[in-house]
Structures are given as structure tokens and as C-alpha cells.
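What follows is a set of notes on a single structure, which appears directly below.
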């Protein structure tokens, strides 16, 4: 889906005789990602989503996973008042959610294979489980959209996810689905919560909103938001502080 994915397995709580199974578990997890790419990638002409967009097949003829992801997209659209949408221009495009969904499935595969301590990173979005290789909670750096190579914060996560959307890697690629115009106002939005698919969609929606004082951002159950606006000002939801392990200088 046009991004790089990393998978990390820590050694905690892994039986000694499971060493040989790590590679197999990683291969299975990577298979989940490749399967998602084959079904959902808008870069692949033969993917289910690409064929659905061209009207060559119906939703019923697609993999059942397409209906599952589109239902999750519809929930995110309702939650954000349309700031997130998988079909704003009439063409199906679940890109803003499916990357997180696929990484979450890869995480589940690693857990089911007997490796509860791991992290899956997908283009800057990360789902974490258990403990890191240091034996502590995972620490995820949040890139500063105005200063390449710097961080605006470091968030600490045990079992959970961190998703960031904004201009740091791909410039102003987020569109406001309600207008079709490039999103303005926020340089980045980071969402922390239990599920990466949901966090991914909410981060995209936050950037599309273009401002931090939107009611739905303050009413999310289990999710916290950190935004950086075009001027570099930062804003966070009330419960964000408990996730902050450190802040970058400045």
C-alpha cells in the first residue's frame, strides 16, 4: 500500500524452544500485510478495491474483508461528522483506515503464534503489545512536522497503538472529504488508543478538520489526540499527559 512496514519481536515471555518459531511467526504476520495489499491497494490494478472502484465487480464479489473495512470506515465517518470518509469523491478508497487495520491483523498473528511482546510499524503508525526489548513499555517518537529529524513528543504504550497523520512525510496529501480541498490548519495529528485502524482514521480526520477545538476530539473513549498546527502550537486532549514519556526539547 505504498509504505514500509517493520515487525519487531521482543524475547520476553517467549519459551526457549520458541526461537525457531520467530521466523515462521514473522512470515505469517507479513503474509497478513501482503494479503491486505493484494486486496486493498489502490496502486494495484488487480486488487479487489481497484476493480470495485472501476465497477468491474460488486462489493459482494470482493473478499469479505472489504465489507469489514468499509463498515469500519462508515463508523469512523459517523464518529467524526464526515471529517473521515472512504468514498467522499464517489470512489471507494479506505486508505485512511486500512493500513492500520492491516498492521493490527499482523499484530494479532504474532500474538496468536505465541509472541505477546512485539511491535508492528506501518509508515509511521505503530501497534504495540506487551513489553519492548528493553523490558519496558514501548516508546514511540512523534515527529515534529516543522523540524525534520526532531520530535514533538515521545509517547509510552504497552498494549495499544499510535497513529500520526500530517505533512511530515508526504506533504499536504490529506483532503477534507466535505470540500475536496487540501486540509489546512494542522500540520500533524497523533492519536493514541487501543486499535490502530481506528487511531489511523481518527488521525486523518483530525488533520482534515484543520483545528483542534472540534467536539469529537474531546469525547473519544479510550483515545487521546495530540495536534501541531501550522504555526507550531501544540494541543492535546485531557488524558494525553498519561501517555507522554518525554517531550522533545523546544
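Residue numbers (the working numbering): 186 to 435. Note that CB positions come from ideal geometry on N, CA and C, so glycine has one too.
For residue i, three-class secondary structure by DSSP
i, result
"residue 435", "Low confidence applies here, because residue 435 scores a pLDDT of 44, under 50, leaving its location unreliable; read the following figure in that light. The answer is coil: DSSP assigns residue 435 none of H, G, I, E or B."
"residue 213", "helix"
"residue 403", "helix"
"residue 191", "strand"
"residue 233", "helix"
"residue 423", "coil"
"residue 397", "coil"
Where residue i falls, given that 16 or more other Cβ within 10 Å makes a residue buried
i, result
"residue 423", "exposed"
"residue 434", "Confidence at residue 434 is low in this model, with a pLDDT of 43, below 50, so the placement of that residue is unreliable and no value is reported for it."
"residue 395", "buried"
"residue 350", "buried"
"residue 408", "buried"
"residue 265", "buried"
"residue 290", "buried"
"residue 400", "exposed"
"residue 416", "exposed"
"residue 418", "exposed"
"residue 303", "buried"
"residue 428", "buried"
"residue 217", "buried"
"residue 194", "buried"
"residue 333", "exposed"
CA nearest to the CA of residue i, picked from the options
i, options, result
"residue 347", "400, 327, 360 and 290", "327"
"residue 387", "269, 219 and 210", "269"
"residue 370", "379, 380, 284 and 359", "359"
Residue i versus residue j - alpha carbon distance
i, j, result
"residue 191", "residue 224", "20 Å"
"residue 237", "residue 221", "15 Å"
"residue 362", "residue 316", "38 Å"
"residue 336", "residue 322", "19 Å"
"residue 280", "residue 271", "7 Å"
"residue 299", "residue 257", "28 Å"
"residue 181", "residue 246", "As displayed, the chain neither begins before 186 nor continues past 435, which places residue 181 out of reach and without an answer."
"residue 325", "residue 273", "32 Å"
Residues bridged to residue i (per DSSP)
i, result
"residue 375", "349 and 411"
"residue 324", "341"
"residue 310", "307"
"residue 367", "360"
"residue 336", "328"
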